[in-house]
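2 protein chains.
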Amino acid sequence: MNLNPAPRSTIADVARLAGVSISTVSRVLNNTAPVADETIRRVREAIETLRFTPHAAARQLASRKTNTVGLLLPTISGSFFPPMLRGIERGARERGYDLLIYATQNLPEEGHPRALGEHNTDGLLIFTDSLPEAEMVHLYQLGFPMVLLHQSPPEGVAIPCVTFENKGGVRRMMDYLIETRGYRRIAFLTGPENTEDAYWRELGYRETLTAHGIPFNPDLVKMGGFDEQLAQIAVQEWLAEGVKMDAIFAADDDSAAGVLAALRRGGVAVPDQIAVVGFDDVPHSRFLSPPLTTVRAPIETAGYEAVRHLISLVEGEEVDPLILLPTELVIRRSCGNPDDA
Amino acid sequence: MNLNPAPRSTIADVARLAGVSISTVSRVLNNTAPVADETIRRVREAIETLRFTPHAAARQLASRKTNTVGLLLPTISGSFFPPMLRGIERGARERGYDLLIYATQNLPEEGHPRALGEHNTDGLLIFTDSLPEAEMVHLYQLGFPMVLLHQSPPEGVAIPCVTFENKGGVRRMMDYLIETRGYRRIAFLTGPENTEDAYWRELGYRETLTAHGIPFNPDLVKMGGFDEQLAQIAVQEWLAEGVKMDAIFAADDDSAAGVLAALRRGGVAVPDQIAVVGFDDVPHSRFLSPPLTTVRAPIETAGYEAVRHLISLVEGEEVDPLILLPTELVIRRSCGNPDDA
DNA sequence: CTCTACAATGAAAACGCTTTCAGAAAGCGT
DNA sequence: ACGCTTTCTGAAAGCGTTTTCATTGTAGAG
Chain Z
58 MNLNPAPRST
68 IADVARLAGV
78 SISTVSRVLN
88 NTAPVADETI
98 RRVREAIETL
108 RFTPHAAARQ
118 LASRKTNTVG
128 LLLPTISGSF
138 FPPMLRGIER
148 GARERGYDLL
158 IYATQNLPEE
168 GHPRALGEHN
178 TDGLLIFTDS
188 LPEAEMVHLY
198 QLGFPMVLLH
208 QSPPEGVAIP
218 CVTFENKGGV
228 RRMMDYLIET
238 RGYRRIAFLT
248 GPENTEDAYW
258 RELGYRETLT
268 AHGIPFNPDL
278 VKMGGFDEQL
288 AQIAVQEWLA
298 EGVKMDAIFA
308 ADDDSAAGVL
318 AALRRGGVAV
328 PDQIAVVGFD
338 DVPHSRFLSP
348 PLTTVRAPIE
358 TAGYEAVRHL
368 ISLVEGEEVD
378 PLILLPTELV
388 IRRSCGNPDD
398 A
Chain S
58 MNLNPAPRST
68 IADVARLAGV
78 SISTVSRVLN
88 NTAPVADETI
98 RRVREAIETL
108 RFTPHAAARQ
118 LASRKTNTVG
128 LLLPTISGSF
138 FPPMLRGIER
148 GARERGYDLL
158 IYATQNLPEE
168 GHPRALGEHN
178 TDGLLIFTDS
188 LPEAEMVHLY
198 QLGFPMVLLH
208 QSPPEGVAIP
218 CVTFENKGGV
228 RRMMDYLIET
238 RGYRRIAFLT
248 GPENTEDAYW
258 RELGYRETLT
268 AHGIPFNPDL
278 VKMGGFDEQL
288 AQIAVQEWLA
298 EGVKMDAIFA
308 ADDDSAAGVL
318 AALRRGGVAV
328 PDQIAVVGFD
338 DVPHSRFLSP
348 PLTTVRAPIE
358 TAGYEAVRHL
368 ISLVEGEEVD
378 PLILLPTELV
388 IRRSCGNPDD
398 A
């Protein structure tokens, strides 16, 4: 089937029908030079009757621009992902760019990781752990536009990075738990290793403890891995070990959901016996039971800003090397908020 | 910056370095005609030392193929989305295609909806409600490859469609609830209007009722809209109205999560007072409390199969008009499963 | 040995645009 | 009327590939 795939009309057809040259058609298409009103009208009309659509590849070849940005991420999962992608898609679309997605996990074995950026896209959005450092440096040296999401660039490589104000967010939440709610034994469920967001969140936890003169207790820290199931297991262990605590700070909301589930299963009342807080404020969190107190991270905004900065870069503008998005406390019932009881 | 963007090497550079013609380079690149082993070696070497990557746009222009498929969806959200996208990405990648994403919600006002498929992609994956019917018909008449996801084609338009065996899944779940668990007053929380999955699921509910001689009771049906919050509200209404029921069948897992939250808030024990079941088995569902009994829909597989069928179409093969993916009962605690109590 | 067939290569023509260059027409100050 | 812009337009040269066509050997068939 489809052996004779309907001859698409080209710019030449339009030119012929409108009685002008292809240059003129191109000019009205791109508004790239003055054209007489009457001519514009005729060309537009011809375009309409022929249902003409410029051929993207030809355009890209001639103009040396793809008007496409690529998004690299390790894999597609978690409740973090949809808001981020939504922001990215919106940002790209608003500036007239298309969005190409690569889950690097699925990429062919060492095949042509290079083919990624250099020719298919004008720039790359790189999420966390999705591109080997060597490849990144090479692209950088070629002057290829990139923006990092939740990951800082390698030493000496000035690739802009957008991320959350993780440490400050944790800090404010900890202050609240300690000062307002009076908790002292606060456990922390870390994110995955080698993840920067996770690193800063944990650091915020430790620093705030110190600032309040509370000694750091290694028994109160386990790995939650930003994962619901891992978090459940960790909490079950705490329960089994009989470790006592006033509150559990989960490094993200997915793991906080796991904490909630494990505590409920273990017959522990939240927040009466143990308070629980998370980080991110993914859409789901307000529906947890009890509704989750958390640190709101502007996930969608991060995606949106990242892609806009990338496009600025593509279009030759300068861009701040670090874009730190503010976080915000969202107090709900899981931490024992009396106002919402 | 980036005014002098590192001259990328072209096929001509490779040819020169290897001492052959560009035709030969192209041939070893695409394995499109026999080339002497020694020549292949030299060309490969030249490619390597120049770090040459073929320019995608030029390739597309010359070969009239983009090796890209587009995914159209209304918006990016919900727990349904990540598995689906994962399947699609994997399927596309496996067959050597790139994936372009369009959230049609973000598309410019009536601008060039046409530009979507015709020139940027070799084919389009169309999710539910994301493309006006007229546009679809037009593309179809042009012979443009498309596959629909969870939506059937308009009258007389033979666009393949992949979706779940919704009615059968609901049917089996209902049989189980009625026959094995002995429930009679089963409420149903519908999906959004004008959504086919929602339609078939509701139909399955009604038909099974009839099959078991249970009269249909309109009081036991409310709109859940595949949405956690809407579902909560609906359940709150039921509770306020004092409607009695043995079980609630939510048309998808997101709304089932809302049901669970609302019941807990209303002090109703699940499954002891009211059983709850959902549909989809999104990753999250097994972590709900109690773990959700649901109908597993192969979401990732649907995406995977859809994109593979699309690519088959692109490559000129025939494809079944309807791909119905089987669903499967997943019995967990929320329906009162004694084995897992 | 000749004939045919096929492996191996190169030259050159697309592919459908954008962009430079140049020229014609038209306005305008003097 | 004269030069000088400025506006508008067309011809033609790319952009970096793939693909067709032609050419040259070289090997097996007869």
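Keeping their order, the protein sequence lines are chains Z and S. Per my numbering, the very first residue in the first sequence carries number 58; after that it's consecutive. Per my numbering, the very first residue in the second sequence carries number 58; after that it's consecutive. Cβ atoms here follow ideal geometry from the backbone N, Cα and C, with glycine treated the same way. On a predicted model such as this, the values are computed, not experimentally measured, just so you know.
Does DSSP put residue i in a helix, in a strand, or in coil?
| i | result |
| --- | --- |
| methionine 58 of chain S | In this prediction, methionine 58 of chain S has a pLDDT of 38, which is less than 50 and means its spatial position is unreliable; what the coordinates show is noted afterwards. Methionine 58 of chain S: coil per DSSP, three-state reduction. |
| phenylalanine 221 of chain S | strand |
| arginine 351 of chain Z | A small correction: the amino acid at residue 351 of chain Z is threonine; arginine does not occupy that position in the sequence shown. Three-state DSSP puts threonine 351 of chain Z in a strand. |
| tyrosine 159 of chain Z | strand |
| methionine 203 of chain Z | strand |
| glutamate 385 of chain Z | strand |
| isoleucine 331 of chain Z | coil |
| threonine 358 of chain Z | helix |
| phenylalanine 138 of chain S | helix |
| isoleucine 104 of chain Z | helix |
| methionine 302 of chain Z | coil |
| threonine 89 of chain S | coil |
| glycine 239 of chain Z | coil |
| isoleucine 133 of chain S | coil |
| alanine 319 of chain S | helix |
Please report the distance separating the alpha-carbon of residue i from that of residue j.
| i | j | result |
| --- | --- | --- |
| arginine 400 of chain S | leucine 234 of chain S | Residue 400 of chain S falls outside the range modelled here, since chain S spans only 58 to 398, and no answer is possible. |
| leucine 157 of chain S | serine 187 of chain S | 15 Å |
| leucine 379 of chain S | threonine 358 of chain S | 15 Å |
| leucine 107 of chain Z | serine 134 of chain S | 37 Å |
| alanine 115 of chain S | serine 312 of chain S | 48 Å |
| isoleucine 145 of chain Z | cysteine 218 of chain Z | 14 Å |
| alanine 215 of chain S | methionine 280 of chain S | 32 Å |
| glycine 315 of chain S | glycine 324 of chain Z | 22 Å |
| glutamine 330 of chain Z | threonine 267 of chain Z | 24 Å |
For a contact defined as C-beta to C-beta under 7 Å, what are the partners of residue i on chain S?
| i | result |
| --- | --- |
| phenylalanine 138 of chain Z | Pro139 |
| glutamine 117 of chain Z | Ala114 |
Could you tell me which of the options sits nearest to residue i, measuring between CA atoms?
| i | options | result |
| --- | --- | --- |
| tyrosine 197 of chain Z | Z/Leu370, Z/Arg228, Z/Ala332 | Z/Leu370 |
| methionine 399 of chain S | S/Gly373, S/Met280, S/Leu260, S/Leu296 | A query on residue 399 of chain S cannot be resolved here, the shown segment of chain S reaching from 58 to 398 and no further. |
| glycine 213 of chain Z | Z/Val194, Z/Pro91, Z/Ile133, Z/Leu182 | Z/Val194 |
| alanine 307 of chain S | S/Ala288, S/Ala319, S/Arg242 | S/Ala288 |
| leucine 320 of chain S | S/Ser342, S/Asp309, S/His341, S/Ile290 | S/Ile290 |
| valine 333 of chain Z | Z/Ala93, Z/Met230, Z/Arg73 | Z/Met230 |
| serine 342 of chain S | Z/Asp155, Z/Gly180, Z/Thr220, Z/Gln286 | Z/Gln286 |
| arginine 152 of chain S | S/Cys392, S/Arg98, S/Ile368 | S/Ile368 |
| glycine 239 of chain Z | Z/Gly393, Z/Pro189, Z/Val82, Z/Ala119 | Z/Gly393 |
| alanine 363 of chain Z | Z/Thr220, Z/Arg322, Z/Gln117 | Z/Thr220 |
| isoleucine 305 of chain Z | Z/Ala297, Z/Arg322, Z/Val327 | Z/Val327 |
| arginine 73 of chain S | S/Pro140, S/Thr96, S/Gly200 | S/Thr96 |
Can you give me the Cβ contacts of residue i inside the same chain, cut-off strictly under 7 Å, excluding the 5 residues immediately before and after it?
| i | result |
| --- | --- |
| histidine 269 of chain Z | Ile235 |
| phenylalanine 137 of chain Z | Asp337, Val339, Ile356 |
| leucine 132 of chain S | The sequence shown places threonine at residue 132 of chain S, rather than the leucine named in the question. Excluding positions up to five away in sequence, the list reads Ala160, Gln162. |
| aspartate 232 of chain Z | Thr265 |
| leucine 249 of chain S | It is worth fixing the name first, because residue 249 of chain S is proline in this sequence and not leucine. Closer than 7 Å at Cβ, skipping near neighbours: Ala255, Gly282, Phe283. |
| isoleucine 271 of chain Z | Arg241 |
| aspartate 377 of chain Z | Pro217 |
Taking C-beta pairs closer than 8 Å, name the residues in chain Z that residue i reaches, listed in chain order.
| i | result |
| --- | --- |
| proline 189 of chain S | Ordered by position in chain Z, no residue passes the 8 Å Cβ test against proline 189 of chain S, which lies about 15 Å from the chain. |
| phenylalanine 344 of chain S | Glu285, Gln286, Gln289, Ala314, Gly315, Ala318 |
| glycine 135 of chain S | Pro139 |
| arginine 73 of chain S | Here the premise fails: no neighbours, minimum Cβ distance about 20 Å. |
Enumerate in chain order the residues of its own chain whose CB-to-CB distance from residue i is below 6 Å, with the five nearest sequence positions on each side excluded.
| i | result |
| --- | --- |
| proline 348 of chain S | Arg389, Arg390 |
| valine 387 of chain S | Asp338, Thr351, Arg353 |
| glutamine 208 of chain Z | Thr185, Glu253 |
| valine 227 of chain S | Arg258, Gly261, Tyr262 |
| alanine 75 of chain Z | Arg99, Val100, Ala103 |
| arginine 365 of chain S | Gly148 |
| valine 278 of chain S | Phe245 |
Which chain S residues are close to residue i, counting only those with a beta carbon under 8 Å from its beta carbon?
| i | result |
| --- | --- |
| threonine 123 of chain Z | Ala113, Ala114 |
| alanine 244 of chain Z | Near alanine 244 of chain Z there are no residues of chain S at all, since even the closest Cβ is about 20 Å away, more than 8 Å. |
Is it the case that the CB of residue i approaches a heavy atom of the ligand HEM more closely than 8 Å?
| i | result |
| --- | --- |
| glycine 200 of chain S | As far as ligands go, the structure on display features none, and thus does not contain the ligand HEM. |
If you drop the 5 nearest sequence neighbours on each side, which residues of the same chain put their C-beta closer than 8 Å to that of residue i?
| i | result |
| --- | --- |
| lysine 301 of chain S | Arg242 |
| serine 66 of chain S | Leu107, Arg108, Phe109 |
Check the Cβ of residue i against every Cβ in chain Z and list those closer than 7 Å, keeping chain order.
| i | result |
| --- | --- |
| phenylalanine 146 of chain S | Before going on, a small fix: residue 146 of chain S reads as glutamate here, not phenylalanine. Under the 7 Å cutoff, chain Z gives Ile133, Ile158, Ala160, Asn163. |
| arginine 84 of chain S | Within chain Z, no residue comes near arginine 84 of chain S; the closest Cβ sits about 18 Å away, beyond 7 Å. |
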